[in-house]
Amino acid sequence: MSTEQPLSTGAQTPGADSVVDPNAIAPTPRKQARPRGKPQPEKPKRSLFCLGLKNPIRKLCYDIVEWKPFEYMILTTIFANCIALAIFTPYPASDTNYTNQILEKVEWIFMGIFSAECVMKIIAYGFLFHPGAYLRNTWNSLDFTIVTIGVVSMALQFISKEAFDVKALRAFRVLRPLRLVSGVPSLQIVLNSILKAMVPLFHIAFLVLFVIIIYAIIGLELFSGILHDTCYKNGT
C-alpha cells in the first residue's frame with residue numbers, strides 16, 4: 001500500500017513562536033466630527049477703522065461678548081428688566097412712590113449694562129461698513145435702537161426734568177422684552193417663521209372673510225323682514 005503525502009499549501013499556521021508584524025494591520029481611519037452650528041463670520045482686519053485684530057482692547061471685548069456666561073448674564077438682566085417694567089406704576093405729573101423711586105435707580109444699572117454690551121459688541125465686530133458688523137444684523141439693530149432711545153431719554157431727564165418731557169421716549173421701554181429674541185436663537189427661528197407665514201395666513205383670512213360675506217348676503221335675502229312688526233308693547 002502506498003502512503004499519500006499531504007499536499008503543501010505554502011501557508012503556515014501561526015504557532016506560539018510566530019511574530020505578528022504590527023504594520024500589517026492598518027488602523028481604520030476615523031471620520032472627523034463636523035463642527036456644529038453656523039460658522040462664525042471672519043473678523044474684519046480693523047474695527048472702527050483703528051482697532052486691529054491684535055489690539056488688546058478689541059481682543060478683550062471679543063472674548064467677553066463670545067463668553068457664554070456673559071450671554072446668560074445679559075439674558076438674566078433682560079428678564080429682571082421686564083419684571084421691573086411690570087412692577088413700575090405710572091403716576092400723573094411728578095407723583096411717585098417708594099417702589100418707583102427704587103426702580104428709577106435700578107433703571108440706571110440696567111441701562112449701564114445694556115450700553116456696555118452694545119459698546120463692546122461694536123468694538124469687537126465693527127459698526128457697519130463690513131460683513132458681520134454689529135448693525136448688519138437686524139436684531140442687533142433693534143437692540144441698538146432701544147439702547148439709544150433709553151440713553152437719550154435718561155440724558156434728557158438728567159439734564160432737566162422740567163425742560164424736556166421724556167414720557168414719550170420712555171414709552172419705548174416696552175420694546176426691551178424684544179431683546180430676548182436677539183439672545184435666544186430658537187425665538188428668532190419661531191419669529192422668522194411667523195413673519196414668513198404672514199402672507200399665506202392673510203390669503204387664508206381673506207378667503208374666510210369672503211365666505212362669511214357670501215353667507216351673510218344669503219341670510220339677508222332669506223330672512224330679511226321676517227321679524228318685522230313682531231314686537232309689541234306690554235301694558236303691564
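For the sequence shown, the UniProt record's numbering assigns the number 1 to the initial residue and increments by one for each residue that follows.
Virtual Cβ for every residue (Gly too), placed ideally from N, Cα, C.
Contacts around residue 183, its chain only, beta-carbon distance under 8 Å, and the 5 residues preceding and following it disregarded = The residue given as residue 183 occupies position 183 in the sequence shown. If we look at residue 183 and ignore the five residues flanking it on each side, its Cβ neighbours are 71, 74, 75 and 78.
request  = Note down the Cα distance separating residue 122 from residue 116, rounded to an integer number of angstroms.
outcome  = Here residue 122 corresponds to residue number 122 of the sequence shown, with the count starting at 1. Here residue 116 corresponds to residue number 116 of the sequence shown, with the count starting at 1. Looking at the two C-alpha atoms, the distance is approximately 10 Å.
ask   = Between the beta-carbon of residue 127 and the beta-carbon of residue 48, is there less than 9 Å?
value = Stepping through the sequence shown from its first residue, residue 127 is reached at position 127. Stepping through the sequence shown from its first residue, residue 48 is reached at position 48. Closer than 9 Å, so yes.
ask   = Is residue 179 near residue 142, with beta carbons less than 9 Å apart?
value = One-based indexing of the sequence shown puts residue 179 at position 179. One-based indexing of the sequence shown puts residue 142 at position 142. Yes, the pair counts as a contact, with Cβ atoms nearer than the cut-off.
message = Tell me the rounded alpha-carbon separation between residue 181 and residue 139.
response = For the purposes of this step, residue 181 is identified with residue 181 of the sequence shown, where counting begins at 1. For the purposes of this step, residue 139 is identified with residue 139 of the sequence shown, where counting begins at 1. Whole-angstrom Cα-Cα distance: 8 Å.
query = Roughly how many angstroms lie between the CA atoms of residue 50 and residue 208, to the nearest whole one?
reply = Residue numbering aside, residue 50 sits at position 50 when the sequence shown is read from its first letter. Residue numbering aside, residue 208 sits at position 208 when the sequence shown is read from its first letter. When rounded, the distance between both Cα atoms is 58 Å.
Distance between residue 149 and residue 239 (C-alpha atoms, nearest Å) = Since the first residue shown for the chain is 1 and the last is 236, residue 239 is missing from the structure and cannot be characterised.
request  = Look at the alpha carbon of residue 38 and the alpha carbon of residue 185, and state the distance between them as a whole number of angstroms.
outcome  = Residue mapping note: residue 38 aligns to position 38 of the sequence shown, counting from 1. Residue mapping note: residue 185 aligns to position 185 of the sequence shown, counting from 1. Annotation note: pLDDT 49 at residue 38 (below 50); position unreliable, coordinate value reported separately. Spanning the two alpha carbons is a distance of roughly 12 Å.
ask   = Going by beta carbon distance, what residues of the same chain come within less than 8 Å of residue 90, once the five residues before and after it are set aside?
value = Within the sequence shown, residue 90 is the residue found at index 90, counting from 1. The answer is none, since no qualifying residue turns up.
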